[in-house]
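Student: In the numbering used here, the protein residues as written are 69 to 1130.
By construction, the Cβ of each residue, glycine as well, lies at the ideal position given by its N, Cα and C atoms.
Everything numeric in this text was worked out from a predicted model, so none of it was measured.
Here it is, the structure in full.
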């Protein structure tokens, strides 16, 4: 963001331009002094002075004024800076900005970032723009001194001690004294006045100890001129000005730290969304400022390393004199500007910078985002603000503040007509209306209705929400955080997870940004041997049949962003700052659950009515604790581990491999390469289990890492994230309530150590398993057995995981590379994800009594469909057949045969029987079509390229696919039955074994063998697991009909037709 260096400011021609011209000419001592000297002491000058005596006198007067001004400026600067100088090394300084996620604060962040200065942002809102690793965002409500103190401790531990604090966050309510609610006034003073106290206190002590630092507080020219409809704002800014003045006096006298700089900034009306509708009425002398102008002035002053009073526009500094002039003029001035805030309609919640006005419900064209830290909870959560314009236009002369998307759903409030705003006010009616509105504040917010309420917006919750949203299910995702995961946490995606994301068409961006790890390295040191490499192993050897034989290391926040963006494309948002409290079954409605929440920083009550509730709210899940007779069963180990994410400076050679380093004396380190040139260290804090955790800080953990890695050098360019954890393995006693209305997913249902990179993967596949079952249940197509299978299937996987993790974590801590490698090889299928297998059930069964059941192949009920390469008939593209059909919540029915012509009689009778009126599959398809017509899938802009309708032409519930080894030249689509002709995008040729992961034909890999004349059918569930498979002799007359009946029996085991409403 280049500095503005033009003669005219961004605001155009105004009084400031004239002031600068005069300052640089008539009041410039460097220019005036030579002119006066020339006029007095040169012959030509004396001659001209005699001819123009008034000019000579004027020059002398101007020189006197210029020298007086210069002396005054010099003395003021020296006094402000206590007559001492200080130096700033900006490569080492840390600048902290409150409210830096957008607006003026965001502009400051970008300017500092461009100068390669480390920046810390405290904000309740997420960053509205992409930043580099130099910018560190911390979620913080600066109104709370306790929260500020806690976040300050985290900042100091992870980033370091800030040397510059910019108190930038601010709010403006625009109400009169009579109409302002107590909450309005508290919010204004909490943010504008008290927050600078709490933030400054949190970081001042280190500045005092070092006698080095700077405190910048953004006040306002309103501190000097109090106007109607902004009394609370002006008072809060006057207090913040007094705070800066008092702080400047204290640092030099009480604290004996004269090098600490104090800067007070007094901007005028700014062209941000916070002040939209604000009419200053003095455009030439006090134009509306651009946010960049204020940000540039602040950063310029910060980089100077000097204390100052920064006033913008400069001409408004004259307003300070209003305190000294006679009252008759001061009062007249306030009356003259009484209407500047009358039509204010600025918003109080930071919104998406790129969203168009119509999405915001606000025509704020030409305005930037407001400089604000705290969400406007009264506006966002209080229905009265939305009722004001409807019940009494007299109470509010402007429309309610517009909410950010995702906080409130529904249409934006109607703007109050301008003519009605200017109508005469009946004061008696106005007071009555205020009283009525005060009574209305006791009314609760109407409940939000949805079909599934998901608690927690981590990978598990967002995966569930994305899958259900794509299926057209109405989902509400609530999360008590203000933003997605910014740093740290999970980071490894296993091969099966990558495959799942491929089927969702969401893997590309992760593959671009992630780091791929193909091998594992083992190192060890003892009292007798220095640190040395024991060996290397391939992470996923060829025996593991996967498309992506590596771990993909990518930050959890990137995964969350991917899901959030996908939801947003389909018109869904996460409800942030909404905390789950409890749930109740609605009396008289056994199919409904009332979810009780608290929203935003004021903890307002909110109710959500849902058919199903899913807790994805982490290891300390409140949803789990709310389910009767469900508890987390397991144990914690004594070992404590530290985690460091950062960019390393080291001569260790295996930094880009997954590496286990074991020191007999100091413990273990697990090294994981990360994206953006970072590395994660899991560091065992050996013999520290009984130590006070407050002593196990970042510096201690870094030193422990250096001891383990010796003699190799280890240092960090920066640390992005630091954490500690105690290893524990726990599994919930059940994953659902007894009514199968409330479910648990992810860490809410199972916890374990992070070292095997299983947590995020298993969590997302919990939701992957549950999503399609909920979709069918909500549409009335599922028997109870289907939802009951979630607990049966996923709890088995969780138990398998914690048992493996217990051994794996102990072997990492023990440093036994041989035992660790052996354990890893024994469990490598499970670790990759493809070894997560389900037991036999209504949805996973073969046909052991059938002598034609396929044997010897890799496609088995309860197991994932193995990868296979085939040629898509219609366009001759080689595709991965297990991924080619996108995730639409459908079952896939694969028919495999050698010769289509030979199997023609079977195909004809089979298709006729499946499509017949007596077929359960046909009846289910008809019911699904009705359901999807009433509640369709939610599309996205990418669908115009992906064309999902290709796969729903026959049925919204089933996609039929044919795989044959015949050559394309030997068959035509027109030779097939009508049902398969309509499935032309899922006709495949099994003719490219050389492209397969094992060099096999799909038919051979899945089935082991298939005799000529035989037809095999493989039923694949929506989550990619094989449900059932069998084969028939196509030469038998009724084989096609028997195959159709076999399908009806399989699907009839867990599906049903919706009940007819009467």
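#1: What does a CB cutoff of less than 6 Å around residue 319 pick up in its chain, not counting 5 residues either side in sequence?
#2: Just verifying my parser: in three-state terms, what is the DSSP assignment at residue 876?
#3: With a Cβ-Cβ cutoff of 7 Å, do residue 525 and residue 645 count as a contact?
#4: Can the beta-carbon of residue 973 be found closer than 7 Å to that of residue 1094?
#5: How long is the line joining the alpha carbons of residue 637 and residue 196, rounded to whole angstroms?
#6: Report all residues from its chain with a CB closer than 7 Å to the CB of residue 653; omit the five preceding and five following residues, and keep chain order.
#7: Have a look at the DSSP bridge pairing and note the partners of residue 731.
#8: In chain order, what are the residue ranges of uninterrupted alpha helix (DSSP H) at least 4 long that sit wholly in the region 163-248?
#9: Would you mind listing the beta strand (DSSP E) stretches within the region 925-950 that are 3+ residues and don't spill past its ends, in chain order?
#10: Please report how far the alpha carbon of residue 131 lies from the alpha carbon of residue 117, in whole angstroms.
#11: For residue 789, name the three-state secondary structure that DSSP assigns.
#12: Name the DSSP beta bridge partners of residue 305, please?
#13: State the CB to CB distance for the pair residue 783 and residue 746, rounded to an integer number of angstroms; the pair is presumed to be in contact (CB under 8 Å).
#14: Name, in chain order, the residues that DSSP records as bridge partners for residue 741.
#15: Rounded to the nearest angstrom, what separates residue 334 and residue 536 at their Cα positions?
#16: Assuming residue 753 and residue 735 make a contact with CB atoms under 8 Å, what is their CB distance in whole Å?
#17: In the DSSP assignment, find the alpha helix (DSSP H) that holds residue 333 and state where it starts and stops.
#18: So, for residue 1008: in the same chain, excluding its five sequence neighbours on each side, which residues have a beta-carbon less than 6 Å away from its beta-carbon?
#19: Write down the C-beta distance between residue 790 and residue 769 rounded to the nearest angstrom, noting that I regard them as a contact closer than 8 Å.
#20: So what does DSSP say about residue 485, is it helix, strand or coil?
#21: Residue 471 to residue 1121, Cα distance in whole Å?
#22: Under 8 Å, with one C-beta from each stretch per pair, do the region 675-687 and the region 811-818 reach the 3-pair mark?
#23: In the DSSP output, which residue or residues are listed as bridge partners for residue 888?
#24: Could you tell me the alpha carbon to alpha carbon distance between residue 257 and residue 304, rounded to whole angstroms?
#25: In whole angstroms, what separates the C-alpha of residue 234 from that of residue 363?
#26: Answer yes or no: do residue 801 and residue 701 have a C-beta to C-beta separation smaller than 7 Å?
#27: What would DSSP say about residue 726, mapped onto helix, strand or coil?
#28: Identify, in the order they occur along the chain, each residue of the same chain with its Cβ nearer than 7 Å to the Cβ of residue 134, setting aside the five sequence neighbours on each side.
#29: If I measure Cβ to Cβ from residue 724 and keep anything under 6 Å in the same chain, skipping five residues before and after, which residues do I get?
#30: Please list the terminal residues of the continuous beta strand (DSSP E) segment that includes residue 626.
#31: Helix, strand or coil for residue 955? Go by DSSP, reduced to three states.
#32: Whose C-alpha, out of 299, 733 and 694, is nearest the C-alpha of residue 248?
#33: So which of 528, 553 and 521 has the shortest CA-CA distance to residue 546?
#34: What is the DSSP secondary structure of residue 1000, reduced to helix, strand or coil?
#35: Could you have a look at residue 683 and say whether DSSP puts it in helix, strand or coil?
#36: Could you compute how far the alpha carbon of residue 159 sits from the alpha carbon of residue 1017?
Tutor: So, to answer that:
#1: Counting only residues of its own chain and dropping the five nearest sequence neighbours on each side, residue 319 has a CB closer than 6 Å to the CB of 325 and 328.
#2: Assignment of residue 876 by DSSP, reduced to helix, strand and coil, places it in the helix class.
#3: no
#4: Not a contact, by the Cβ cut-off of 7 Å.
#5: 18 Å
#6: 661
#7: 593 and 735
#8: 171-182 and 213-226
#9: 937-940 and 946-948
#10: Approximately 15 Å between the Cα atoms of the pair.
#11: Residue state, collapsed to three classes: strand.
#12: Bridge partners of residue 305: none, in fact.
#13: That belief does not hold up - the Cβ atoms of residue 783 and residue 746 are roughly 14 Å apart, past 8 Å.
#14: DSSP lists 747 as the bridge partner or partners of residue 741.
#15: 50 Å
#16: 7 Å
#17: Taken as a continuous stretch (DSSP letters only), residue 333 belongs to no alpha helix (DSSP H), being part of the beta strand (DSSP E) at 328-335.
#18: 637 and 638
#19: 7 Å
#20: At residue 485 the pLDDT is 34, less than 50, meaning the model places this residue with poor confidence; the figure from the coordinates comes in the next sentence. Three-state DSSP puts residue 485 in coil, outside helix and strand.
#21: Unreliable positioning characterises residue 471 in this predicted model, as indicated by a pLDDT of 28, which lies under 50. The coordinate reading is nonetheless provided below. A direct Cα-to-Cα measurement between residue 471 and residue 1121 gives close to 48 Å.
#22: yes
#23: In DSSP, residue 888 forms no bridge with anything.
#24: Rounded to the nearest angstrom, the gap between the Cα atoms of residue 257 and residue 304 is 5 Å.
#25: 11 Å
#26: yes
#27: strand
#28: 95, 96, 97 and 100
#29: 741
#30: Element bounds for residue 626: not the beta strand (DSSP E) but the alpha helix (DSSP H), 624-637.
#31: coil
#32: 299
#33: 521
#34: helix
#35: Of the three classes helix, strand and coil, the one that applies to residue 683 here is strand, per DSSP.
#36: Each residue's alpha carbon lies about 56 Å from the other.
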